[in-house]
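Residue numbers (this note's numbering): 15 to 395. Here the structure comes first, spelled out in structure tokens, and everything after it is commentary.
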DNA sequence: ACTGTCTGCCCC
DNA sequence: ATTCTGC
DNA sequence: GCAGAATGGGCAGACAGT
């Protein structure tokens, strides 16, 4: 509903939507359900219900009909911002007043926006095309701008207010997370080596949580894979970054795992008892200690490193950290036997397998390409 | 205070 | 995260 | 081959209800 970096959420799902819809029409639940069952998704179901059944009269201060985009958006913001005792009822009341004013078609769009469906056939790829065409920009430039800003809306704003030059000058902002680069799978190290052109970086694949760490002027903020801020859940990791990073400004990436006193990784579920906690007690901090293993560097000082080859980013990463900070165990090799031995070691130490990465590849936010490959232990029954 | 239910662009 | 499907 | 949609298991937070 909101941009990925926006921490707000509606906390409304299909169940609440459904209660509201039932309360808005003059029919028994069974009839409503029957009509709704013909819809292809929840929004379509609501559209059909509103088209078919008589709506209850809704007492409202606003007599005028016709919703504007601004009204819908600010109403959704109000729903997101309602919290504390009675907030559930308030969210429901706000949604009811919104849907009571919506035409069937408008209700369809609003409901699908709320529950996270589009079904418009409008993927981000098409959105990029549309921005490029609307502002007369090359597709590649729009693509790049969406990637580094992580937010199509920011690109549109730049194009509309500053023109092509503003779009071209978009760069990552510290404390605004980028979408993480993603990996494809490979069966084994040999396949990975042939995909990556004979030589590659092999790294332990740790069974933890991906994090992106932003640092500026002594402040540290950490984001999860889905760009949720998790800074306050992992004060031990934040402290390690403050102690170990020798740069006033940076964006780093790594994997956070729970590590036992014996140095072996604790199960993923144990990590999850820490990772998304709002408050971490001293007892929990001690019982489940976290450690981050870094593997990438996207921004260092004033330099954006996204287009630099992985080998160079890794070299700069190595030179930028010290103290308690660690880099994920890595070897660079073209020898399959050496890589297989490394894989065996990773598994023996309790890890998930290996990542294989193209040393010449840039960092491509949000792209699941073949420059990063994950190799897991073959599944046995 | 305790338990139940719902929610999460949740984490994997 | 994995698996499936349609282009 | 790619991207998008659909799906699973498990967990903490937050509110509702008692």
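C-beta: ideal position from N, C-alpha, C; glycine also. All of these numbers come straight from a predicted model, not from anything done at the bench.
Where the beta strand (DSSP E) through residue 225 begins and ends: Position 211 of the first chain, counted from the first residue, corresponds to residue 225. Taken as a continuous stretch (DSSP letters only), the beta strand (DSSP E) holding residue 225 covers 223–230.
Of the listed residues 218, 57, 102 and 357, nearest to residue 128 (C-alpha basis): Counting from one through the first chain, the residue named residue 128 turns up at place 114. Nearest C-alpha to residue 128: 57.
Span separating the alpha-carbon of residue 250 from that of residue 110: Within the first chain, the letter at position 236 stands for residue 250. Within the first chain, the letter at position 96 stands for residue 110. If I take the Cα positions, the gap works out to 44 Å.
Supposed contact pair residue 288 and residue 294 - C-beta distance, whole angstroms, cut 8 Å: Residue 294 sits at position 280 when you count from the first residue of the first chain. Residue 288 sits at position 274 when you count from the first residue of the first chain. About 7 Å separates the two Cβ atoms, so the contact holds.
Spatial neighbours of residue 104 in its chain, beta-carbon cut-off 6 Å, leaving aside the 5 residues before and after: Your numbering for residue 104 matches position 90 in the first chain. Counting only Cβ-Cβ distances below 6 Å, and skipping sequence neighbours, we find 96.
Beta strand (DSSP E) segment containing residue 385, residue limits: Here residue 385 corresponds to residue number 371 of the first chain, with the count starting at 1. Run containing residue 385: 382–390, per the beta strand (DSSP E) assignment.
Boundaries of the beta strand (DSSP E) in which residue 198 is found, first to last residue: In the first chain, the residue the question calls residue 198 occupies position 184. Its beta strand (DSSP E) spans residues 196–200.
Residues of its chain near residue 91, where Cβ-Cβ distance is below 8 Å and the 5 sequence neighbours each way are ignored: Residue 91 sits at position 77 when you count from the first residue of the first chain. The beta carbon of residue 91 sits closer than 8 Å to those of 22, all from its chain and outside the five residues before and after it, given in chain order.
Residue 214 - partner residues in DSSP beta bridges: If you number the first chain from 1, residue 214 lands on position 200. DSSP links residue 214 through a beta bridge to 347.
Close beta carbons around residue 237, own chain, < 6 Å, minus the five adjacent residues each side: To locate residue 237, count along the first chain from 1; it is residue 223. Cβ within range, chain order: 191, 226 and 243.
Three-state class that DSSP yields for residue 128 in the structure shown: Reading the first chain from its first residue, position 114 is the one you call residue 128. Helix.
Whole-number beta carbon distance between residue 339 and residue 319, since they are thought to touch under 8 Å: Translated into positions along the first chain, residue 319 becomes position 305. Translated into positions along the first chain, residue 339 becomes position 325. That pair is no contact at about 17 Å.
Touch test, the segment 182–196 against the segment 375–382, Cβ-Cβ under 8 Å, three pairs minimum: yes
Straight-line Cα distance separating residue 375 from residue 35: Position 21 of the first chain, counted from the first residue, corresponds to residue 35. Position 361 of the first chain, counted from the first residue, corresponds to residue 375. Spanning the two alpha carbons is a distance of roughly 50 Å.
Segment limits, beta strand (DSSP E) that includes residue 310: Indexing the first chain from 1 puts residue 310 at position 296. That run of the beta strand (DSSP E) goes 304–314.
Residue(s) in a DSSP beta bridge with residue 219: As a first step, residue 219 is located in the first chain; it is residue number 205 there, counting from the start. Looking at the DSSP assignment, residue 219 forms a beta bridge with 367.
Assigned exposure category for residue 154 - 16 Cβ within 10 Å defines buried: For the purposes of this step, residue 154 is taken as the residue at position 140 of the first chain. Label assigned to residue 154: exposed.
C-alpha distance - residue 64 paired with residue 27, whole-angstrom precision: For the purposes of this step, residue 64 is taken as the residue at position 50 of the first chain. For the purposes of this step, residue 27 is taken as the residue at position 13 of the first chain. Each residue's Cα considered, the two are about 19 Å apart.
Counted within 10 angstroms of its Cβ, other Cβ atoms place residue 3 as buried (16 or more) or exposed: Outside the displayed span of the chain (15 to 395) sits residue 3, for which this structure offers no information.
Within 8 Å, strictly: CB atoms of residue 284 and residue 272: The residue labelled residue 284 in the question sits at position 270 within the first chain. The residue labelled residue 272 in the question sits at position 258 within the first chain. In contact: residue 284 and residue 272 (Cβ atoms closer than 8 Å).
Whole-angstrom C-beta distance between residue 166 and residue 196, which should lie under 8 Å: Translated into positions along the first chain, residue 196 becomes position 182. Translated into positions along the first chain, residue 166 becomes position 152. That belief does not hold up - the Cβ atoms of residue 196 and residue 166 are roughly 18 Å apart, past 8 Å.
Cβ neighbours of residue 240 in the same chain (closer than 6 Å, five flanking residues each side left out): Here the question's residue 240 lines up with position 226 in the first chain. None.
Cβ-based burial, residue 69 [other Cβ within 10 Å; buried from 16]: For the purposes of this step, residue 69 is taken as residue 55 along the first chain, with counting starting at 1. Label assigned to residue 69: exposed.
Opening and closing residue of the beta strand (DSSP E) in which residue 264 lies: To locate residue 264, count along the first chain from 1; it is residue 250. Note, residue 264: beta strand (DSSP E), 263–272.
At least 3 beta-carbon pairs within less than 8 Å: the segment 213–230 vs the segment 344–361: yes
Three-state class that DSSP yields for residue 317 in the structure shown: Locating residue 317 in the first chain gives position 303, where the first residue counts as 1. Three-state DSSP puts residue 317 in a strand.
Which of helix, strand or coil DSSP assigns to residue 250: Here residue 250 refers to the residue found at position 236 when the first chain is read from its first residue. Note: residue 250 maps to helix in three-state DSSP.
Where residue 176 falls: helix, strand or coil (DSSP): For the purposes of this step, residue 176 is identified with residue 162 of the first chain, where counting begins at 1. Helix at residue 176.
Proximity winner among 269, 38 and 232, relative to residue 6 (alpha-carbon distances): Since the displayed the chain opens at 15 and closes at 395, residue 6 lies outside it and no answer follows.
Cβ-based neighbour list, residue 260, same chain, cut-off 6 Å, excluding 5 preceding and 5 following: Your numbering for residue 260 matches position 246 in the first chain. Same-chain partners within the cutoff: 334.
Counted within 10 angstroms of its Cβ, other Cβ atoms place residue 186 as buried (16 or more) or exposed: Here the question's residue 186 lines up with position 172 in the first chain. That one is buried.
Residue 146 to residue 125 span [Cα, whole Å]: Walking along the first chain from the start, residue 146 turns up at place 132. Walking along the first chain from the start, residue 125 turns up at place 111. Approximately 29 Å between the Cα atoms of the pair.
One or two residues paired with residue 341 in a DSSP bridge: Counting from 1 along the first chain, the entry for residue 341 is found at position 327. Residue 341 pairs with 308.
Spatial distance of residue 54 from residue 61 (CA atoms): Translated into positions along the first chain, residue 54 becomes position 40. Translated into positions along the first chain, residue 61 becomes position 47. Spanning the two alpha carbons is a distance of roughly 11 Å.
Identity of the residue in 372, 88, 39 and 390 nearest residue 207 by Cα: The residue you call residue 207 lines up with position 193 of the first chain. If we check each option's Cα against that of residue 207, 372 comes out closest.
Rounded distance between the beta-carbons of residue 313 and residue 265, thought under 8 Å: Position 251 of the first chain, counted from the start, is the residue given in the question as residue 265. Position 299 of the first chain, counted from the start, is the residue given in the question as residue 313. Contact flag correct, Cβ pair sits at about 4 Å.
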